[in-house]
Amino acid sequence: MDSTGMLGIVASMVFIARLTPQPLRLARSGVADGVSPLSALNGLIAAVSWLVYGLLVDDPVVWIVSLVAVLPGVWTVALLRRETTWRDLLTAGAWAGSVVTAALAGYLAAALAVGVLVTQGPQVWRACRERDLSGLSPATWGLSILDAAAWGAYGVAADDAALIGYAVVLSSSAVVVLTRIRWTRSQARSDGAKRRTTSSAMT
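If you're matching positions, the sequence shown starts at -17 in the working numbering and goes up one per residue.
What follows is the structure, encoded as structure tokens:
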């Protein structure tokens, strides 16, 4: 097996590992604060789209890992069903329709490049707006950086622009979300300390 094939295997393993912590956290804690249902829906659509793309370009690494990714994608969407709004469903449906249209027109690779923004964008937006991100899994976003690096390297080796775009957007999104998780937790600890100090002063 050549180096490109090895990169593909490593990238696939990291990608699957990245998808596991978030649904596990949701299932164990039942806390979904800060988690974007729209991102979860778009992520599932992306997994199916990458599966089709991998089959079209005859890249087993891409389609096999995308097939596996559908399972945690469905699980995450199911866990977030109570938080999902009609607006989320309609927006995700519109995106799915756009991907199908692009695929029929022969522009699936371009749609996938934009799809990374559509998948990560709602979560980044929510993380930047909300103060309570207790439902988000830091492990997922830490692994996202490794995922981006691995698929980016594979994309360069395979001369695949869609994978390179995926790596750039995912790594940027991960840095933003991790920074926000750290900041909100720091603020929560600071607010808690202030409340305890105020309570002690009043007694």
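All residues carry an ideal CB built from backbone N, CA and C; glycine is no exception.
Cβ pair residue i, residue j closer than 9 Å
i           : j           : result
residue 62  : residue 106 : no
residue 156 : residue 127 : yes
residue 163 : residue 109 : yes
residue 26  : residue 71  : no
residue 145 : residue 133 : yes
residue 130 : residue 152 : yes
residue 50  : residue -2  : yes
Residue i - containing alpha helix (DSSP H), residue span
i           : result
residue -14 : -15 to 1
residue 126 : 120 to 140
residue 89  : First-last for residue 89: undefined, no H or E at that position.
residue 39  : Careful: residue 39 lies outside any alpha helix (DSSP H) and carries neither H nor E.
Own chain residues within Cβ distance below 7 Å of residue i, not counting five before or after
i           : result
residue 2   : 54
residue 4   : 58, 119 and 122
residue 140 : -14
residue 135 : -11
residue 19  : 62, 65, 66 and 70
residue 28  : 97 and 101
residue 77  : 24, 27 and 100
residue 40  : none
residue 0   : 122, 125, 126 and 129
Sequence-distant residues of the same chain with beta carbon closer than 8 Å to residue i, five excluded per side
i           : result
residue 80  : 93
residue 95  : 143, 144, 147 and 148
residue 90  : 31, 34, 35, 38, 81 and 84
residue 43  : -13, -10, -9, -7, -6, 36 and 136
residue 138 : 146
residue 74  : 20, 23, 24 and 27
Proximal residues to residue i (C-beta, below 6 Å), its chain only, five neighbours per side dropped
i           : result
residue 166 : 113 and 115
residue 13  : 116 and 117
residue 160 : 123
residue -16 : none
Supposed close pair residue i, residue j - CB separation, criterion 8 Å
i          : j           : result
residue 21 : residue 104 : 4 Å
Any non-hydrogen atom of the ligand FMN within 8 Å of residue i CB
i           : result
residue 160 : The ligand FMN is absent from the structure shown, which contains no ligand whatsoever.
Chain B contact for residue i (CB, 9 Å cutoff)
i          : result
residue 53 : This model lacks chain B altogether; it includes just one protein chain.
Review point. Is the region 116 to 127 close to the region 27 to 35, with three or more CB pairs under 8 Å?
Key: no
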